[in-house]
Amino acid sequence: METTSKTIRKHSLEKLYASLAENRKMYAPVAEADNRIGYKYNPDFSEVIFDHIQSTLSVKNVVFPRVENVIFYTNNKNDSTVTDVDLNKIPEVVLWGAHPCDTAAYDVLRSIFCWDTKDEFFAKRLEKLVVIGLACHKSDAHCFCTSVGLSPDSTKGSDILLVPLTNGDYKAEILTEKGNRILTDFSGLFEPYQDEETKLTHVEQQFDHKQVTQHLKEAFENPFWVENSLRCIGCGACAYVCPTCACFDIQDEAKGKNGKRYRSWDSCGFGLFTLHTSGHNPREVQSQRWRQRILHKFSYMPERNASLGCVGCGRCSRACPVDMNIAEQLQALQSI
Numbered sequence: 021m022e023t024t025s026k027t028i029r030k031h032s033l034e035k036l037y038a039s040l041a042e043n044r045k046m047y048a049p050v051a052e053a054d055n056r057i058g059y060k061y062n063p064d065f066s067e068v069i070f071d072h073i074q075s076t077l078s079v080k081n082v083v084f085p086r087v088e089n090v091i092f093y094t095n096n097k098n099d100s101t102v103t104d105v106d107l108n109k110i111p112e113v114v115l116w117g118a119h120p121c122d123t124a125a126y127d128v129l130r131s132i133f134c135w136d137t138k139d140e141f142f143a144k145r146l147e148k149l150v151v152i153g154l155a156c157h158k159s160d161a162h163c164f165c166t167s168v169g170l171s172p173d174s175t176k177g178s179d180i181l182l183v184p185l186t187n188g189d190y191k192a193e194i195l196t197e198k199g200n201r202i203l204t205d206f207s208g209l210f211e212p213y214q215d216e217e218t219k220l221t222h223v224e225q226q227f228d229h230k231q232v233t234q235h236l237k238e239a240f241e242n243p244f245w246v247e248n249s250l251r252c253i254g255c256g257a258c259a260y261v262c263p264t265c266a267c268f269d270i271q272d273e274a275k276g277k278n279g280k281r282y283r284s285w286d287s288c289g290f291g292l293f294t295l296h297t298s299g300h301n302p303r304e305v306q307s308q309r310w311r312q313r314i315l316h317k318f319s320y321m322p323e324r325n326a327s328l329g330c331v332g333c334g335r336c337s338r339a340c341p342v343d344m345n346i347a348e349q350l351q352a353l354q355s356i
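Under my numbering, the sequence shown has 159 at position 139, and the numbering climbs by one with no breaks.
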């Protein structure tokens with residue numbers, strides 16, 4: 021649909037938030053201990069923050085939970101009974117105040133979970149989700165959205181994007197049918213947009229992702245991977261904070277006759293991730309696992325899914341205990 025631009029005054033945001041919260045779960049950013057930012061279900065509007073650079077963890081857990089039950093089962097003497105999870109019980113959620121890198125990540129996840137067969141768990145959660153994004157007026161040295169084809173006011177993945185104005189109010193870009201329904205239901209809170217001045221941060225482009233993708237096609241056996249992964253300790257922090265990493269493990273947990281099967285986040289950076297039952301491990305050293313992470317996001321996904329697997333949020337670099345800055349590594353890749 022065609023984008024519609026409106027203005028919503030600062031004092032009207034609280035009314036919109038309260039109205040949406042009447043019959044939906046709200047998921048919004050709040051301040052946490054040690055100067056961290058996290059997302060919380062159903063916070064009071066007074067707790068919600070609008071001036072953060074980035075939350076510590078991403079918001080992919082809304083559509084891809086850290087742990088998610090897949091089936092329940094009962095083993096009787098002569099047979100077994102399997103009960104599916106009732107996906108209709110998944111609640112409607114409004115994601116409020118997510119930055120454009122995080123909202124764009126939902127398109128990346130969709131290309132992973134629904135590119136060949138449709139993952140019903142992911143698809144249902146995404147269907148029940150309304151995304152009210154918040155354009156960025158702050159950034160730091162770890163942000164590199166402009167290097168992966170995005171920007172501080174990218175609209176990808178948002179149903180409504182709030183863009184801060186210099187006068188303290190917000191431009192509301194209505195982007196989808198979900199967003200248009202909110203505009204229709206609460207039309208009294210929105211005003212015509214008068215081309216007011218926006219307040220956005222500037223994020224310097226650090227590398228050309230198209231050049232990186234091209235170089236990677238010839239770089240599989242390059243010594244670059246060994247040299248640049250020596251610091252990596254395989255902790256998996258980069259994968260767990262990443263909004264687009266989608267590796268998961270599946271396990272059964274039983275007590276007596278009853279049990280459940282669940283999936284939980286995993287990381288291709290872990291040494292056991294590719295270990296076969298035969299004992300063979302095709303990625304037995306850390307340099308191979310680091311190479312896989314980069315190739316998957318910047319070579320395999322563009323080729324197979326027509327989408328980069330990275331949104332430039334910078335969380336992996338912020339979280340890395342040995343300071344492996346992915347943007348710096350990608351800059352170096354352009355010259356090999």
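Every residue, glycine too, gets a C-beta built ideally from N, C-alpha and C.
query: Thinking C-alpha only, which one of D215, K280, E197, L236 is nearest K191?; result: D215
query: Within 10 Å of its beta-carbon, does D343 have 16 or more other beta-carbons around it, so buried, or fewer, so exposed?; result: exposed
query: Which residue or residues does DSSP assign as beta-bridge partners of L250?; result: According to DSSP, which records beta bridges pairwise, L250 is partnered with nothing at all.
query: Which residue from D64, K144, P63 puts its Cα closest to that of F397?; result: Since the displayed the chain opens at 21 and closes at 356, residue 397 lies outside it and no answer follows.
query: What does a CB cutoff of less than 7 Å around I73 pick up in its chain, not counting 5 residues either side in sequence?; result: K158, S159, D160
query: Cutting at 6 Å between CB atoms, please list the residues of its own chain near L40, excluding the five before and the five after it.; result: V114
query: Excluding the five sequence neighbours on either side, which residues of its own chain have a C-beta within less than 7 Å of the C-beta of L77, listed in chain order?; result: G58, V261
query: With respect to the beta strand (DSSP E) encompassing T27, which residues constitute its N-terminal and C-terminal limits?; result: 24-28
query: Quick check: is the beta carbon of N89 nearer than 9 Å to any beta carbon in chain C?; result: This model lacks chain C altogether; it includes just one protein chain.
query: With DSSP as the reference, label I194 as helix, strand or coil.; result: strand
query: Go ahead and pull the three-state DSSP assignment for Y213.; result: coil
query: Among A326, T264, L328, which residue has its Cα nearest to the Cα of C336?; result: T264
query: Could you tell me which residues DSSP puts in a beta bridge with A352?; result: In DSSP, A352 forms no bridge with anything.
query: Look at the alpha carbon of P63 and the alpha carbon of K45, and state the distance between them as a whole number of angstroms.; result: 10 Å
query: Expressed to the nearest angstrom, what Euclidean distance is found between the alpha-carbon atoms of S307 and E238?; result: 17 Å
query: Closest by CA to L36, which one among L353, L203, M321, L250?; result: L203
query: What first and last residue would you give for the alpha helix (DSSP H) that runs through S287?; result: It is not in any alpha helix (DSSP H) - S287 carries neither H nor E in the DSSP assignment.
query: Using the rule of at least 16 other Cβ atoms within 10 Å of the residue's Cβ for burial, across every protein chain shown, is M21 buried or exposed?; result: exposed
query: Three-state secondary structure (DSSP) at S100?; result: strand
query: I'd like the list of long-range same chain contacts for V105, defined as Cβ closer than 6 Å, with 5 residues on each side in sequence excluded.; result: N89
query: To the nearest angstrom, report how far apart L170 and V305 are at their CA atoms.; result: 33 Å
query: For E140, is the beta carbon positioned less than 8 Å from some heavy atom of the ligand ZN?; result: By its list of ligands, the structure shown contains no ligand whatsoever, and the ligand ZN lies outside what it can speak to.
query: According to DSSP, simplified to helix, strand and coil, what is G58?; result: strand
query: So, with DSSP's three-state summary, where would you put T204?; result: helix
query: Across the stretch 310-323 and the stretch 224-237, are there enough close Cβ pairs to call them in contact, namely three or more that are closer than 8 Å?; result: yes
query: What does DSSP give as the partner residue(s) for A51 in the beta ladder?; result: I57
query: Identify which residue in A274, F268, L154, E67 has its Cα closest to the Cα of T221.; result: L154
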